[in-house]
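Mapped onto our numbering, the consecutive letters of the sequence shown carry residue numbers 29 to 220. For glycine and all other residues, C-beta sits at the position ideal for the given N, C-alpha and C. Owing to the predicted nature of the structure, the values given are computational and were not obtained by experimental measurement. What follows is a set of notes on a single structure, which appears directly below.
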Amino acid sequence: MTGWIAAGVVVGVFVLVLLWFIGMYNVLVRRRIDCDNGWSQVDVQLKRRYDLIPNLVETVKGYAAHEKGTLEAVINARSRAAAVGGGAAQAGQRAEAEGVLTQALGRLFALSEAYPDLKANTNFARLQEELASTENKIGFARQHYNDCVARYEESRQSFPTNIVAGAFNFDRREYFKLDEPAAREAPKVSFT
């Protein structure tokens, strides 16, 4: 009889450890999925930004054609940022490219100060407004993504979940952070 009790206790302990292990694994999977979803939201907003930029550049070309260097810088920065692509694994590279693009857009918007006709153009004003709205959405999406990464990393690095994370290769996730102080600010959009 005591042999059956001992076997029952061993089986019970094994089942509890297995359930704990499954629970930790599922927590990590949910957090990883949250990170992927957060990244896809950032990606959607960045794509929207990329789609607005050519229209903005075309509008500016008509008024400031001799500002070719600024226009080319914006287009090149947009191309580099869009080319990084990929998933959340390249968050650091994407953030760097986005910082360069933000700085180039800032220079583009500064042109409107030198060209009053451009500043008064309704298409330019509408595109500025759409881009400002998109910049806000990018900020919110980036914040949500970084919050998801924080929760994931907390789970991944905490004991005893780190044992499960190590056993099943739950890789580290990068935060989407801007290293350049100027890139941390959205492009200045003026409606006056």
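### Query
Helix or strand or just coil, what does DSSP make of K89?
Correct three-state label for K89: helix.
### Message
Distance check for F49 and D71, CA to CA, integer angstroms please.
### Response
33 Å
### Assigned exposure category for V88 - 16 Cβ within 10 Å defines buried
With 16 or more Cβ atoms within 10 Å of its Cβ, V88 is classed as buried.
### Query
From this set, G40, E100, V85, which residue's C-alpha is nearest L159's C-alpha?
V85
### Query
Given that a residue counts as buried once 16 or more other Cβ atoms are within 10 Å of its Cβ, and exposed if not, what is F204?
buried
#### Entry: Buried versus exposed call for E95 [16 or more other C-beta atoms within 10 Å across all chains shown]
buried
### Query
Does DSSP put K75 in a helix, a strand or coil?
helix
### Query
From what residue to what residue does the alpha helix (DSSP H) around H172 run?
150 to 185
#### Entry: Residue span of the alpha helix (DSSP H) that contains K96, given as start and end
96 to 112
### Query
Would you call the region 166 to 179 and the region 95 to 112 touching, i.e. three or more CB-CB distances under 8 Å?
no
### Task
Reducing DSSP to helix, strand and coil, say where M249 ends up.
The requested residue 249 does not occur in the structure, where the chain is confined to residues 29 to 220.
### Message
Suppose you measure from the CA of T220 to the CA of V128; what does that come to, to the nearest Å?
### Response
Caution applies to T220, whose pLDDT of 43 falls short of 50 and renders its modelled position unreliable; the value that the coordinates give is listed next. Each residue's Cα considered, the two are about 26 Å apart.
### Task
Reducing DSSP to helix, strand and coil, say where R135 ends up.
helix
### Task
Please classify V45: is it buried, with 16 or more other beta-carbons within 10 angstroms of its beta-carbon, or exposed?
exposed
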